[in-house]
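Numbering (this note's numbering), first residue to last: -6 to 120.
Idealized CB from N, CA, C, for every residue including glycine.
In what follows, a single structure is set out as structure tokens and then discussed.
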């Protein structure tokens, strides 16, 4: 975490606090726990979720999933064999199953299906 909620004082600057929380999620590539962010802000988890929904339109956990997925895609290279369990660990997933779920939810494909779809041989017919 960059700093504690003392950075905000008592101004009640909701957008600033949400921006700070977003940055914590972004800097950690979605791996910082939402509970940790709410504690840093001195908020309940419920208050943080409501503030995110009101200001951004999605809860912080969904944003964390999107950021982890984005991180996995950035690390993902369809040109080589990928160790999906290692990729999951490097991108902050608790396990490979959670990463696969996010891939399917956000792209419609599993990581293995993405490799097949975007490999350099995709679509080529051997004679």
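8 Å CB neighbourhood of residue i in its chain, flanking five on each side removed
i	result
residue 91	81
residue 11	44, 45, 48, 49
residue 25	-6, 17, 18, 57
For residue i, the nearest candidate out of the options (CA to CA)
i	options	result
residue 64	112, 21, 8	21
residue 8	109, 23, 41	41
residue 78	105, 31, 111	105
residue 75	34, 32, 107, 31	107
residue 99	66, 112, 111	66
residue 103	112, 93, 111	93
residue 54	23, 97, 111, 101	23
Where residue i falls: helix, strand or coil (DSSP)
i	result
residue 31	helix
residue 102	coil
residue 64	helix
residue 71	Confidence is the limiting factor: at residue 71 the pLDDT is only 49, short of 50, which leaves the residue's position unreliable, though a coordinate-based value still follows. Coil.
residue 53	helix
residue 42	helix
residue 25	coil
Close-in-space but distant-in-sequence residues of the same chain around residue i (CB under 7 Å, 5 per side omitted)
i	result
residue 133	In the structure displayed, the chain extends from -6 to 120; residue 133 sits before or after that span and is not available.
residue 36	none
Inter-residue CB distance, residue i and residue j (contact presumed, cutoff 8 Å)
i	j	result
residue 95	residue 62	5 Å
residue 27	residue 38	6 Å
Close Cβ partners of residue i (< 6 Å) along its chain, the five nearest in sequence each way excluded
i	result
residue 14	30
Stretch-stretch touch, CB-based, cutoff 8 Å, three pairs: the segment 41 to 53 with the segment 83 to 97: no
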